[in-house]
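These notes are about the structure you will find just below.
In the numbering used here, the protein residues as written are 109 to 215.
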């Protein structure tokens, strides 16, 4: 599904990392399934999420990355890029695939 939506896993990873890196201040980066059943990457400010009407891209979240400073400061201080790099190592892809299957059935 990721290859179909983004062309490759590396392209997805680059787009997701960019969404997280360029989120100014506090917020989240998301992998979502939109209303048409397609995967998309988005980010939201502060406590907003893609289920809210205020979100630029709406959809069902499959995974979210907290880029509020409190999520990484104790271990990474102000090095958000190091936090993002480490985050990729702890993703549970089995769970993400399960969420994708559930969201696809509901679409």
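Idealized CB from N, CA, C, for every residue including glycine.
The model shown is predicted, which means the values in this text are computed figures rather than measured ones.
With a threshold of 8 Å, are at least 3 pairs of Cβ atoms found where one atom belongs to the stretch 188-201 and the other to the stretch 152-165? no
Please classify residue 214: is it buried, with 16 or more other beta-carbons within 10 angstroms of its beta-carbon, or exposed? exposed
Does the separation of the CB atoms of residue 211 and residue 168 fall below 8 Å? yes
Just checking my contact of residue 124 with residue 137 at CB under 8 Å: how many whole Å lie between their CB atoms? 6 Å
What's the C-alpha gap between residue 177 and residue 112? 33 Å
If contacts are defined as beta-carbon pairs under 8 Å, then residue 151 and residue 179 qualify, I think. What distance do you get, rounded to the angstrom? That belief does not hold up - the Cβ atoms of residue 151 and residue 179 are roughly 14 Å apart, past 8 Å.
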